[in-house]
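Numbering (this note's numbering), first residue to last: 226 to 1026.
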């Protein structure tokens, strides 16, 4: 290796030194899935060089002038190194070469054979030398620093450079990191981690399962801790390579986090983006709470959860039982079809009041149906079916509420796979009747949440052919309008049914009574929140009234339509009571109706807003989070698009109606990227990735792809001087305008027990491809993402889980 060159030392000591490296390993000439032009890396390094922190940079001699042109001399140290130098510099070069060429190693996963650690001889020697370089510079300590951190040269590919130059998060690191630190993200599934076999890795770590990965893009700590950690790193690296085990540097970093409890470990989301850590560092509050247990969570709710639910569930339906018992003679033998039977507790309670001679219990969740079988094991006339019912036979997916305190009342049935789902058979009501040769039914009870609509559609024809009609009771609250509910019930009214609202007794159900029952018919429950305007504006906020004030000020300057011509609702997720008065004053000042239901989380709040909007007579809604301000001056975004549009919101509604969009996003450019990239690609199931993106089959091992698929736009159109796009536009929680029809399609037809933005993005993309959802996108960027006031990142919630 050539001797390093120091431009000029600072005369005063600094507390932080950043170490990084960038070598041209010819990655620009490998296969498309992993190809990254070296120019891209240089551009990203240039952004990092803008920080004024001391830096030690390992780089090839030919790029010396590049560093000189983009860095001050006094706080920069260059260490010249060529790729060939790694053969001697990295002590385990022969071992990495032997492993990467073994067919049994790169055949572990389809992507591995084409990966850079398999195809580039110097890739692993370089990334595995990061720790060695950090130790080397801490020992030389050119700038007399107390803290040394590694940052990848291309870190700004996934972390906005403003964190380093504007927010100065690097200067806050010593106040948070007292020892040596790694940042980890959840990682489950697959039999290997970056090529390192998972089972041997768990054995070395002394755990039954590895459920996290430590990032290689940032690590480090106090100078006193670095040599010890590096020594352990080299020992582990030597031991694992000698055993033929190899991934990347992250595999060894991960092992260190399991084996050395004294390390400072911070956690980010499953996407692995280090931007989350640096966002948290703005308030010096990175997350130190491990979101996972040692064992990967399964889809099974525990037996304790089952017992708890069975014991406490009567509170949800005791009034319904009391309603039903009033219509029957207690001695008359009755037949019931219990759809959504759960653990069988409803039938158990009802059988105390009435003579239930025969029953069929339908329950899609296996653990609950097995509980029912044991509960009624002695009664041969009670049959339990582990299936779901719908209006036609097909396969479906059951979203499971899992883990400690799992809620059997939060199971959601869907036509699409998603997070925490398991496959389930969906049969028809008619099939059940024929299977058990049932001639007369007295009671049909339907407690299936979001799927009650499909079941009601499927039973009408069968009941019309029966000699007598049963009493029907079903849970209510998943319909988009009073008119839609009436449409579903029309066939029943034609058969002579009348409706009765059991909700007045606290049961939350609607009872349908045939002519043979005597009861006073009443109006269907009123589900419309009467509104003054046809358009509503919803804002989610949390604990920071000053941030909300910034948003409302931008409305005054650039969005007066929202303040003057819409119904205004503030969903206040805040759990800090000291903010109550300030929020109340803002709501009074701007005419907002404040809604407080505890901290529902961002996506939980978005789901609540969808349901609130559905129960109103408004036709369209705008959605904002409190950091999504409006641009108030003319200008252009990074893509050259306008940031201030005339009559933005009126025209958005006109475009939505003209195109019959279900929703339209209001900004092309976003904070972490823009709509040129098809971000849904990162979140859809692999089978669909293979179907829709055959040229982009493999997700990157870490971070973002440098060659992601682009969004397929089908047309550019203009209305009232405003341009917009149609096509496979992905969903995210950025500001949007939504119709009632779109709201139902997106958030009510399928409901997730614990929604996440990634789940919606995947689900809505699939619906878009199938033609069931029609999105739109403004060809402009009027949204100014600007979070000035910050809450503790550990308090952030996605939903109410």
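Just so you know, even glycine gets a beta-carbon here, dropped at the ideal spot from N, CA and C. What you are looking at is a predicted structure, and each value in this text was computed from that prediction instead of being measured.
Assign residue i to buried or exposed, taking buried as 16 or more other Cβ atoms, counted over all protein chains shown, within 10 Å of its Cβ.
i: residue 497; result: buried
i: residue 1024; result: buried
i: residue 460; result: exposed
i: residue 770; result: buried
i: residue 749; result: Confidence is the limiting factor: at residue 749 the pLDDT is only 37, short of 50, which leaves the residue's position unreliable, though a coordinate-based value still follows. Exposed, by the Cβ-count rule.
i: residue 323; result: exposed
i: residue 890; result: buried
i: residue 475; result: buried
i: residue 349; result: buried
i: residue 599; result: exposed
i: residue 395; result: buried
i: residue 332; result: exposed
i: residue 580; result: exposed
i: residue 662; result: exposed
i: residue 379; result: buried
i: residue 472; result: buried
i: residue 903; result: buried
i: residue 849; result: buried
i: residue 664; result: exposed
i: residue 719; result: exposed
i: residue 648; result: exposed
i: residue 1013; result: exposed
On the premise that residue j lies in contact with residue i, defined as a C-beta separation below 8 Å, what is that separation, rounded to the nearest angstrom?
i: residue 840; j: residue 759; result: Going by Cβ atoms, the distance from residue 840 to residue 759 rounds to 15 Å, so no, they are not a contact pair.
i: residue 562; j: residue 680; result: Not really, about 10 Å apart at Cβ, beyond 8 Å.
i: residue 499; j: residue 440; result: 6 Å
i: residue 788; j: residue 781; result: 7 Å
i: residue 887; j: residue 999; result: 5 Å
i: residue 855; j: residue 1008; result: 7 Å
i: residue 811; j: residue 764; result: Actually they do not touch by this definition, with Cβ atoms about 10 Å apart.
What number of angstroms, rounded off, separates the C-alpha of residue i from the C-alpha of residue j?
i: residue 802; j: residue 767; result: 11 Å
i: residue 358; j: residue 244; result: 8 Å
i: residue 893; j: residue 691; result: 56 Å
i: residue 319; j: residue 347; result: 11 Å
i: residue 435; j: residue 492; result: 15 Å
i: residue 321; j: residue 955; result: 40 Å
i: residue 737; j: residue 684; result: 13 Å
i: residue 565; j: residue 673; result: 5 Å
i: residue 914; j: residue 942; result: 29 Å
i: residue 279; j: residue 264; result: 24 Å
i: residue 875; j: residue 790; result: 10 Å
i: residue 804; j: residue 391; result: 28 Å
i: residue 483; j: residue 937; result: 43 Å
i: residue 591; j: residue 611; result: 6 Å
i: residue 965; j: residue 569; result: 36 Å
i: residue 1018; j: residue 367; result: 35 Å
i: residue 785; j: residue 871; result: 11 Å
i: residue 993; j: residue 932; result: 23 Å
i: residue 836; j: residue 818; result: 16 Å
i: residue 901; j: residue 862; result: 14 Å
i: residue 376; j: residue 798; result: 36 Å
i: residue 688; j: residue 971; result: 31 Å
i: residue 694; j: residue 667; result: 7 Å
i: residue 400; j: residue 506; result: 10 Å
i: residue 524; j: residue 385; result: Since pLDDT at residue 524 reaches only 42, below the 50 mark, its modelled position is unreliable, and the value read off the structure follows with that caveat. Rounded to whole angstroms, residue 524 to residue 385 spans 36 Å at the Cα level.
i: residue 275; j: residue 300; result: 12 Å
i: residue 356; j: residue 283; result: 13 Å
Per DSSP, which residues does residue i bridge with? Please list them.
i: residue 1000; result: 888
i: residue 280; result: 243, 301
i: residue 437; result: 411
i: residue 295; result: For residue 295, which the question treats as bridged, DSSP gives no partner whatsoever.
i: residue 250; result: Its beta-bridge partners do not exist; DSSP assigns none.
i: residue 422; result: 417
i: residue 472; result: Answer by DSSP bridge pairing: none, since residue 472 is not bridged.
i: residue 1009; result: 854
i: residue 389; result: For residue 389, which the question treats as bridged, DSSP gives no partner whatsoever.
i: residue 762; result: 793, 847
Return no unless some Cβ of chain D is closer than 9 Å to the Cβ of residue i.
i: residue 575; result: Among the chains of the structure shown, chain D does not appear; only one protein chain is present.
Exercise. If you scan the segment 476-515 from start to end, which runs of the beta strand (DSSP E) of 3 or more residues do you find wholly inside it?
Worked result: Whole beta strand (DSSP E) segments, 3+ residues: 489-492.
Self-check item: Within the segment 919-976, ranges of the alpha helix (DSSP H) (whole runs, at least 4 residues)
Solution: Taking only runs of at least 4 residues, the alpha helix (DSSP H) segments lying wholly in the segment 919-976 are 965-968.
Just list the beta strand (DSSP E) runs in the segment 311-379, keeping only unbroken ones of 3 residues or longer that don't cross its boundaries, in chain order.
You should have 372-376.
Tell me the start and end of each unbroken beta strand (DSSP E) in the segment 783-870 that is at least 3 residues and wholly inside, in chain order.
Listed in chain order, the complete beta strand (DSSP E) runs (minimum 3 residues) inside the segment 783-870 are 792-797, 818-820, 845-850, 853-855.
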